Every structure is written in C-alpha cells, then in structure tokens.
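No gaps in the numbering here: position 249 of the sequence shown is 249 in this note's numbering, and each next residue is one more.
No residue lacks a Cβ here, since even glycine has one placed at the ideal position from N, Cα and C.
Please read all numbers here as calculations on a predicted model, not as lab measurements.
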Amino acid sequence: MTLPWTPSRLGNLTGKRVIVTGATNGVGLGTSRALANAGAHVILAARNTELGAQRATEISAIGGATSVLKLDLADLSSVRAFADLIDEPVDILINNAGALTDRRTETVDGFEMTLGTNLLGPFALTNLLLPKVRSQIINVGSDAHRSATLHLDDLHLRRHKWTRLGAYAQSKLAVMLWGLELDRRLRVAAAPLVTHLTHPGWVASNLSNLGDSPLMSLAHKGVKAVADRLANDIDEGAAPTLYCISEPIPPGSYVGVSGRFGLRGGPVLIGRTPLACDYDAAARLVAFAERETGTKLEI
1 MTLPWTPSRL GNLTGKRVIV TGATNGVGLG TSRALANAGA HVILAARNTE LGAQRATEIS
61 AIGGATSVLK LDLADLSSVR AFADLIDEPV DILINNAGAL TDRRTETVDG FEMTLGTNLL
121 GPFALTNLLL PKVRSQIINV GSDAHRSATL HLDDLHLRRH KWTRLGAYAQ SKLAVMLWGL
181 ELDRRLRVAA APLVTHLTHP GWVASNLSNL GDSPLMSLAH KGVKAVADRL ANDIDEGAAP
241 TLYCISEPIP PGSYVGVSGR FGLRGGPVLI GRTPLACDYD AAARLVAFAE RETGTKLEI
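Written as structure tokens, this is what we have:
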C-alpha cells in the first residue's frame, strides 16, 4: 500500500534558496511555510511588503528563514527591479502568483491584467533570473486550461469578448504552453535544470486575488462558504508544488490532485489537453511573450 504524500518527503533543504511569488496568501503561503520548515531560505516575493514582513515573522516563529522583496508582476519595471536584487544563485523558482479580476483592466505596460499577471510578468521574471536558477522552475498552472479558448492573434482580448473566467482560463492555458516550450528548450540544451507545471486543485483562499468590487466580494464569500467544506486547504493546495521538489518525476510533468474533477486530493501526475501539448502553439506563444516583455527565453 502506498502511503499518502506528506511534506516530510521534502527532507532537509538547508542551504537551498527558493523564490516563491504570491507568497503572502493561499497556496503561496502554504508552499513558503513548508519549504522554510524543511530548512530552505525562502524569498517571499510580495506585492504588499508590509504583509510580506508579517508572513516572514510568522514563518520565523516556527524556525524558518525568509527574506521579503517587493514584486508586482503587473509592472515590468518592478519585475526588473526584483531580478536586479537577486545577486546570488537560486535553487528553485516557483511562479505561484496569479490573478482573477472582475473587469477588464490593463497593467501599466498595457497588458490585459489577467494575462499580464499570470503569464507575462512571470515569463519576464523567469527569463531575467534564468542564469541564476540552478535546479528547478515550477509554474503553477490550472485545470482551468481545459476550458480555455486560445486567441493567439488577440491574447489581450481587445477584439474578442472579455469575461473574467475566459480571461483566466486563457492565461492558464498560456502558462501551460510556456511550460511546454520551456521544457522542450531545456531538454534540447541538456541544461542542468528542470521545469514542472502544477494544478493545486480548488483552493478557496486562492480567491484572495479577486477584484474588490462588492459583487466579487459577495461571490467570494459565497464560494468560500462552500469551498471550506469541499476544497483543499492551502497546505493541501501547496502539495503538488512541493511534490515536484521531493519526488523524482520526469521533467516537464504536470502535477495535480487525485480527486474527481481535479478539485481536491493528494498530489499525482495528471494529463493535459491536446492544445496544451501543441508545440507549434507553444512556440508562437513564447514568441509573443518575448515581444511583449522585451525579454528572451535564452536557453
């Protein structure tokens, strides 16, 4: 009988340096706590550094080592400033942060907000940090990609109808395709670096990135009331990401949850849609992201 996966599988990570984006709430917080508890030095990349400092204090209270750096993925100048501050090698980069907005807005760089935060910001960050990452890049995707329509000629949804769930699903499909191309290039280059994709299941607290309108606030409360009984908690939601670190899984794997409909359960390797495995679409997506961000995926 196979025993359930637990964070004890991480072993001793003393001496490892890990960056976690979106580290102050939800899955990012659960991930950061577990890694720090295993001995890693966790760099909490946070848009709100005051909250980041609070989380760092909480983690320090259980013996973890952390530092806090400001990062706003919806602002490329913030992404570049963050990358410039990383002056030592990093073992693992975890692109966890994400957003689900209640209306179509744009970042300071003119990107559709969901795409900018979920794909273009992390893409630029990864490219800028790539020479400093020694071991692993983990991108948090989502099974929302299964319902996505990909508008490669209009990823900012300026001509096509914008809906919050449609924009979110497309952004997560884009993350899946980026991960596919990143893995392909790492393999071709025989790089000493691997990448993985994860799906945390349904984690109600991850809705902290919802918009702050009264409607979205009400929706959040309603969904959370149900999810508190049915969904993964933040530690369970962090498990697929941590599983990628502790287990000898193939490069490029997609790790999700074992339960029905991908809602909850323990970490397990899962499949993805045919579109999320389309190498031509992945290459086109990466070319688009390079143009938009002015950064190159140089492997």
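The three-state reading of DSSP puts V27 in helix, counting H, G and I together. Counting only runs of 3 or more residues that sit fully inside the segment 72 to 119, the beta strand (DSSP E) segments are 90 to 95, in chain order.
By the criterion of a C-beta distance shorter than 6 Å, T24 is surrounded in its chain by A46, L51, G52 and R55, once the five residues flanking it on both sides are discounted. Taking the Cα positions, R17 is about 42 Å away from R159. In the structure shown, S258 falls within a coil segment according to DSSP collapsed to helix, strand and coil. By the CB criterion at 7 Å, I299 and R185 fall inside the cutoff. With a cut-off of 8 Å on Cβ pairs, the segment 231 to 244 is in contact with the segment 185 to 199, counting three or more such pairs.
Contact check for C244 against I138 passes: the beta carbons are separated by less than 7 Å. The continuous stretches of beta strand (DSSP E) do not include T126, which lies in the alpha helix (DSSP H) extending over residues G121 to L129. DSSP places R134 inside the beta strand (DSSP E), whose first and last residues are V133 to V140.
Spanning the alpha carbons of D87 and Q136 requires a straight line of approximately 18 Å. Cβ-Cβ distances below 8 Å link L119 to S171, A174, V175, W178 and A289 in the same chain, with the five nearest sequence neighbours on each side left out; the list follows chain order.
T31 and T126 have their C-alpha atoms some 19 Å from each other.
Straight-line spacing of the CA atoms in A40 and S67 works out to 11 Å. When secondary structure is reduced to three states using DSSP, I245 falls in the helix class. T107 and R291 have their C-alpha atoms some 16 Å from each other. The DSSP-derived three-state label of T198 is strand.
The segment 74 to 82 makes contact with the segment 96 to 112: 3 or more CB pairs, one atom from each, lie closer than 8 Å. Residue range R164 to V188 is occupied by the alpha helix (DSSP H) that includes R184. Per DSSP, I270 lies in no alpha helix (DSSP H) segment and is marked neither H nor E.
At least 7 Å separates the beta-carbon of A124 from that of T6. Burial check for P89: the Cβ neighbour count within 10 Å stays below 16, so the residue is exposed. When only Cα atoms are considered, A282 and E181 end up about 6 Å apart. Take the alpha-carbon of I62 and the one of L35: they are about 12 Å apart.
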